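Number of protein chains: 2
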Amino acid sequence: MSLMDPREIAFQLDHLLDLDTLLTRDRFRHLDRSAIDQVLETAATLAEDHFAPHAAEADRHEPEREGGVGKVVMLPDVKRATDAFAEAGFLAAHHDEERGGLQLPWTVVQACFTFFQAANVATAAYPFLTIGAANLIDAFGSPGQKDRFMQPMLTGRFFGTMALSEPQAGSSLADIRTRATPNPDGSYSITGTKQWISAGEHELSENIVHMVLAKIEGAPPGVKGISLFIVPRFRVNDDGSLGPDNDVRLVSLLHKMGYRGTTSTILSFGEEGRCQGFLVGQPHQGLAYMFHMMNEARIGVGLGAAALGYAGYRYSLDYARTRPQGRRPDAKDPTSPMLPIVEHADVKRMILQQKAASEGAIALCLLCARLVDEQKTAETPEAREKAGLLLDILTPVAKSWPSEHCLEANKWAIQILGGYGYTRDYPVEQLYRDNRLNPIHEGTYGIQAQDLLGRKVWQHNGASLTLLADEIAATIKDAASDPALAPFADALGRALATVDATTRALAAERMAGRVNELLSNAVAYLEMFGHTVLAWIWLKQARAAAADLAAGRGDAAYLNGKLAACRYFYAWELPKIDAQARLLQSLDRTTLDTDSAWL
Amino acid sequence: MSLMDPREIAFQLDHLLDLDTLLTRDRFRHLDRSAIDQVLETAATLAEDHFAPHAAEADRHEPEREGGVGKVVMLPDVKRATDAFAEAGFLAAHHDEERGGLQLPWTVVQACFTFFQAANVATAAYPFLTIGAANLIDAFGSPGQKDRFMQPMLTGRFFGTMALSEPQAGSSLADIRTRATPNPDGSYSITGTKQWISAGEHELSENIVHMVLAKIEGAPPGVKGISLFIVPRFRVNDDGSLGPDNDVRLVSLLHKMGYRGTTSTILSFGEEGRCQGFLVGQPHQGLAYMFHMMNEARIGVGLGAAALGYAGYRYSLDYARTRPQGRRPDAKDPTSPMLPIVEHADVKRMILQQKAASEGAIALCLLCARLVDEQKTAETPEAREKAGLLLDILTPVAKSWPSEHCLEANKWAIQILGGYGYTRDYPVEQLYRDNRLNPIHEGTYGIQAQDLLGRKVWQHNGASLTLLADEIAATIKDAASDPALAPFADALGRALATVDATTRALAAERMAGRVNELLSNAVAYLEMFGHTVLAWIWLKQARAAAADLAAGRGDAAYLNGKLAACRYFYAWELPKIDAQARLLQSLDRTTLDTDSAWL
């Protein structure tokens, strides 16, 4: 069994992501479809050969601190995998050719990442964070910073992290205490403690570049006083060689339920007063800069959750096809042969949930990646702006929907395997443990809901929401022309109307300044909104599949699977939004009015 | 923080379980309320002193096989806990005084068990299984079998297991292959392999009594040919002393995601042809007998899931009260002090979900235990029969609803702790891992749904369902008289009508013999039915709390908490059933019509 059905990414690229148009853009003229296929093939092979084989082993043997020093040791397989990843050029895949990159679309880079995350999400986290940190320097760093810190990240000499949270301030970045004091040479002295720093210490690369949020002395209070710094683990000389240790200390390793192969650390900066940091961009703009990386990371987290969901789907499907157990409910003869469990209706339901959640989530996250490309390369400023507005409103959904529903998918993968699924001899329990991180990091589920309902829905006078509604309406109109899909188009139209009515009810709260009331049930809004977006994604997929089937193109079984997953989503999932809408429209005060002393 | 709020069990016993009436029955005349309180207090102390302290340690250090022999070693704390449990008389708590028991109501025994399961569900599994096996012999064994095998289980000299599943036949008991061959002395020679046998091997007791399902040679095929045997690990001499090894071999230990302190084993019986078993009751009646134990075990599994949910609720609430983070959405001043996170609306939601799920689930399972007592001790045959009918239909719900929704509760407990919750330094991730077993063992989620919709709803011409509907209607009528509760009474009335309409739609399928169609969406029925039952449980609790508040009895904050949890359940949970009802009433064929080749 291969990790990904090879038809899946091709379907997405051709039917939902309009790769052909993207490849006509100046930036991508050096590429054609066969080059893209080759990149995908390389990623798939690398993931199967170097990432998948040690996923279980890395879970059993977590990174450990060696002796009393700050060194962290881990399975050698991890370094072999990250080296191979770097060697194949994936760390620089979307960067300019003049920087040694492949200048690939971000969409393709993310599609490749799906393979690595499905194979081994914990090992994939090291390049994931390095790519993110490099992108941040690329977007806001000075030319000198790019040469000194980013360029070595593109080849894997240096790896990267993002260092936001602190022990007393997890989700509440306004309350960070890490300090930056200006030095006469223009650098800053950094002091403070950061927590939950993934990949914060390891021996996979020569150096680690921490992207650190800190406050310059005298900065305004709250998030308006946050600046962004490059803080390397070892200083870097003008010639690019490593200088002395930069006074970044590993305080301790954190031991997690899953994602165990990725070190999670507490780091202290400047205990000996020798930690040098370099301001990125302007002072006090750090949060805005970091959001650039966090937005990208949020989509990446969603894609990781989707990939884990997909891996469980594939594994449990394979198991269900080969495991005989039981008979149909109407079978009377106990000596008749047992059925493969995939033939039981409830097992089909559990497979369909996984397929609908994970393929839908992959499609959503890749659509977001496509919007990143569109934002950068579309022909007109209007098209670029439009892509950005759509991306803004889809980002919290792309982070949170997969995190919640592909975790549920992994739950069903375990259930299909039954007792076997609950043992550590099969991979599905690890997928479930790994995936449980995703609703937490890069902004919790609740934070995403606040971002959506507190900010994105209303921004630019509702422009993002209007654009998204227009896109959905266009899909409805298109699908309604196919009689077989018309009922789904109708249902999506009703869902869109439900979202609209609910948003209007909440707009009144917002206009009246009742922001606590507005946000008290935000997760219900996120759920309702997310399911509607996924229903849209599924109708787009069904429309493409039906067209291919009608034209006799492609693999009929695969295409019928897309239609079945769409039917599942509309029968079992989408109707859930009505209850959420009723709660929201009634401005339910249950959570607000519950005194914490009663709990 | 104590494991259980001491007010909780008292509230249940007084308001929902009518303990006072139970104590008037002949069997319990030796008891009064203060004796019950003392038992509960003993259980609480024992759970905190002997079960809770090693819960995390037993998770980190699983039972291991020692050397090449079949011996299994584990933390000594486990034996200290099970010894203390036996010494306090809990293994015999509900047994006759003449057997050395305390002759306590099963309701009280189960209430006590909640403490042990909340403290350490894996260690509690050893007495849990022993009590179940002893009950099975008590119900169906011969006097000689009771003396020889059951009596030593009441003091903890012997422990018990149930051995149903086999590697090729997990949920499908019709396909078991373990064989029993009659010996001239009336015993049987047992040969076969059993899998997933919890507590199948350990050194906690002198002997282990396996309750084994096997087929006597020449038995009818399928479930009608299954017999039940007592198969001790060591033979037992007439004087009660241990005889030779009985040829039961540990093949291997299984390594689970959670519940790690409980050994899970593959056992082989009769490899050397020396495994002696003793038929319980009549030949070929084994499944019916075993269901006696499994029904009880199903309620126990539900209670375990509820207890794990409750433990997470208590822990995350305690954390939320003391962890400062962030401010209200309308707070403008970033220098204002941070709030304890319990004050955030979405954290309240996550606490309320946990409270509603776990307290509701405990109430449901204890209600089932109360029906067991009623079935045995009610004054009239009619009342006893009625209790049995109600118990029948509630049992699949008591097994499955807590397993699903208290697992979800544990998910929210982790979420409240954020990154901390995802580390192994805090107990909530273990609760989540432990709880993931509960929708699998003692009949999977799907199997419970088939039991409910395939059997219990229709049995005795719908008598169970009618009785339950009458009970719910009585609660509605009663609550409607309180204007503050009338809206909930209305909502529950609508839910009951929804269940009724859905059941009628499905009855037509059943009458037409379309049993595959009837059962294809059974889990949606189980969910709809379960939520309605829980809404009933919550209205009963709210009614009692409101009455106490009105009368100035009890702790107002605690009672307001009951009302808040009821409000949460009716606002956030109960409305979910409408989507399920629509799916069911439309006789949706998505799962049936999906060809497995498309998946």
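These protein sequence lines map, in sequence, to chains A and F. Taken in order, the first sequence gives residues 2 to 600; the numbers are from this note's numbering. Taken in order, the second sequence gives residues 2 to 600; the numbers are from this note's numbering. Don't be surprised by glycine CBs; every beta carbon is placed ideally from N, CA and C. Just so you know, these numbers come straight off a predicted model, no measurement behind them.
Distance from the CA atom of threonine 162 (chain A) to the CA atom of glutamine 354 (chain F), rounded to whole angstroms, is 35 Å.
The Cβ atoms of leucine 47 (chain A) and alanine 87 (chain A) lie no closer than 7 Å to each other. In the three-state reduction of the DSSP assignment, lysine 541 (chain F) falls in the helix class, which pools H, G and I.
A check of alpha carbon separations from alanine 480 (chain F) across F:Arg437, F:Leu432, F:Ile538 identifies F:Ile538 as the nearest. When C-alpha distances from alanine 175 (chain F) are compared across F:Ala181, F:Tyr311, F:Glu167, the shortest belongs to F:Glu167.
Taken in chain order, the members of the segment 519 to 532 of chain A whose beta-carbon sits within less than 8 Å of a beta-carbon on chain F are Leu519, Leu520, Ser521, Asn522, Ala523, Val524, Ala525. A distance of 7 Å or more separates the beta carbons of serine 188 (chain F) and threonine 182 (chain F). Put simply, the backbone Cα of arginine 495 (chain A) is about 46 Å away from that of threonine 264 (chain A).
In the displayed model, glutamate 574 (chain F) falls within a helix according to three-state DSSP. If you check each beta-carbon in the segment 331 to 350 of chain A against every beta-carbon of chain F, the ones closer than 7 Å belong to Asp331, Pro335, Thr336, Met339, Val343, Glu344, Ala346, Asp347, Lys349, Arg350. By the neighbour-count definition (other C-beta atoms within 10 Å, threshold 16), valine 373 (chain F) is a buried residue.
Under the three-state reduction of DSSP output, proline 245 (chain F) falls in the strand class. Judged by DSSP in its simplified three-state form, asparagine 208 (chain A) adopts strand. Its chain contains Leu497, Trp537 as the residues whose beta carbon lies nearer than 6 Å to that of isoleucine 473 (chain A), once the 5 sequence neighbours on both sides are disregarded; these appear in chain order.
Classified as exposed, methionine 512 (chain F) has fewer than 16 neighbouring CB atoms from the shown chains inside 10 Å of its CB.
With contacts defined by Cβ atoms closer than 7 Å, alanine 346 (chain F) and leucine 593 (chain A) form a contacting pair. DSSP places proline 488 (chain F) in the uninterrupted alpha helix (DSSP H) bounded by 487 to 512. If you check the CB distance, alanine 164 (chain F) and valine 213 (chain F) come in under 7 Å. Of A:Ala135, A:Val534, A:Leu564, A:Thr533, the smallest CA-CA separation from alanine 548 (chain A) is found for A:Leu564. The alpha carbon of leucine 205 (chain A) has as its nearest neighbour, out of A:Gly455, A:Arg371, A:Arg234, the alpha carbon of A:Arg234. Residue pairing by DSSP places glycine 327 (chain F) opposite no residue, since no beta bridge is assigned to it.
Counting only runs of 4+ residues, the alpha helix (DSSP H) found wholly inside the segment 430 to 476 of chain F occupies 446 to 452, in chain order. Exposure of threonine 467 (chain A) is indicated by the presence of fewer than 16 other C-beta atoms within 10 angstroms of its C-beta.
Not a single CB atom of chain F sits nearer than 7 Å to the CB of glutamine 111 (chain A). Of the residues assessed, proline 221 (chain A) falls on the exposed side of the cut-off, its CB having fewer than 16 other CB atoms within 10 angstroms. In the same chain as alanine 364 (chain F), and ignoring 5 residues on each side of it, the C-beta atoms closer than 6 Å to its own belong to Gln13, Leu17, Ile538, in chain order.
According to DSSP, alanine 170 (chain F) shares a beta bridge with F:Glu167. Straight-line measurement puts the Cα of histidine 203 (chain A) at about 13 Å from the Cα of arginine 158 (chain A). When Cβ-Cβ separations below 7 Å define contact, glutamine 326 (chain A) makes contact with chain F. For the segment 426 to 440 of chain A, the beta-carbon criterion of a distance under 8 Å to any beta-carbon of chain F is satisfied by Asp426, Glu430, Tyr433, Arg434, Arg437, Leu438, Pro440. Secondary structure remark: continuous beta strand (DSSP E) runs of at least 3 residues inside the segment 91 to 139 of chain A: none found. Between the alpha carbons of arginine 8 (chain A) and serine 597 (chain A) lies a distance of about 51 Å. Around the Cβ of glutamine 449 (chain F), a 10 Å sphere holds 16 or more other Cβ atoms; the residue is buried. With respect to chain F, the C-beta atom of tryptophan 197 (chain A) has a partner C-beta closer than 7 Å. Scanning its chain for C-beta atoms nearer than 6 Å, with the 5 sequence neighbours on each side dropped, one finds around isoleucine 352 (chain F) the residues Leu318, in chain order.
Rounded to the nearest angstrom, the gap between the Cα atoms of lysine 356 (chain A) and glutamate 63 (chain A) is 31 Å.
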